[in-house]
Amino acid sequence: MQFKSLVFLHLFSLQCLSYICLVQSHDFFFVVQMWPGSYCDTKRVSCCYRAAGKPTDFTIHGLWPHFNNNSIPQDCNRKNPFNKAKVSDLTTKLEKTWPTFKCGRKSSSAKFWSHEWTKHGTCSEDVLDQHAYFKAALNIKDKVNLLEILKNAGIQPDGKFYKLDDIKEAIKAGTGYNPVIECNTDASGNIQLYQVYLCVDSAGSSLIECPVTLKRDTSIELPML
């Protein structure tokens, strides 16, 4: 089946601050799940599927350390590069749930994981080493099945429009916590659901209520798979 777009209203623009960590510490994580159809169904990107094939679920974009002052540490330790051998036992699951959709011979899921580790993971390495960092994201994904949560609330990836409040309430009912929704625009100019942000404690293990407030708006469409 061909992905179309999960459409929602543009809710916020999350700006990342360039930050050099003198001490690797953070207050919490954002765990970010992405709807692949909304990534692929835009004018700006080409989209390719890897060995695991076309996904039929939300995928992981990242596990991002964050501070309570709403700043984001980045690139904290380039002396600790990504080593695929350290996550070899997780590779099959990572390929399925944390793939890249970028095209080109130089693009690969491992390159995406390397980017995420270098930019974000190294800023939490006082708590999570490489294996623990990727394992934590996979564990949270297992706990939070966004597609099932939305379907249980009667919200289907069927190309219809749904109220933003209904989607947020469904996710809160399914997880116990308020999500932050990010949207983008498809090739036809429709606003679509792109990513769902939930907050996780500083150990990367349990969902928490987000300590920061991000800008949001109010309305959405949900595309077909």
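Here the sequence shown stands for residues -25 to -1, 1 to 200, numbered as in mature numbering (1 follows the signal peptide of the UniProt record, and there is no 0). Beta carbons are placed, not taken as given, at the ideal position from N, Cα and C, and that holds for glycine.
Taking 4 residues as the minimum length, the alpha helix (DSSP H) runs contained wholly in the segment 105 to 188 are 105 to 118, 121 to 127, 139 to 150, in order along the chain. Secondary structure of F57 (DSSP, three-state): coil. In the three-state scheme derived from DSSP, where H, G and I count as helix and E and B as strand, T66 is classed as helix. G179 counts as buried, since at least 16 other C-beta atoms from the protein chains shown sit within 10 angstroms of its C-beta.
Annotation for F4: the continuous beta strand (DSSP E) segment containing it runs 3 to 9. The alpha-carbon separation between D117 and S163 amounts to approximately 33 angstroms. Between E100 and Y152, the C-beta spacing is not below 7 angstroms. Below 8 angstroms, enough C-beta pairs join the segment 9 to 19 and the segment 30 to 47 to call them touching: three or more.
The DSSP-derived three-state label of T75 is coil. The beta carbon of Y108 lies closer than 6 angstroms to those of G96 in the same chain, with the five residues before and after it left out.
The C-alpha of L121 lies about 14 angstroms from the C-alpha of C174.
Secondary structure of T31 (DSSP, three-state): coil. The beta-carbon distance between I156 and L139, rounded to whole angstroms, is 7 angstroms. This is short enough to meet the 8 angstroms contact definition. For H95, the secondary structure class from DSSP, reduced to helix, strand or coil, is coil. Taking a 10 Å sphere around the C-beta of S21, we find fewer than 16 other C-beta atoms and assign the residue as exposed. At a Cβ-Cβ threshold of 7 angstroms, T17 and D161 count as neighbours.
If you draw a straight line from the Cα of H106 to the Cα of P40, it comes to about 16 angstroms. Pairing P56 with K110, the inter-Cα distance amounts to about 17 angstroms.
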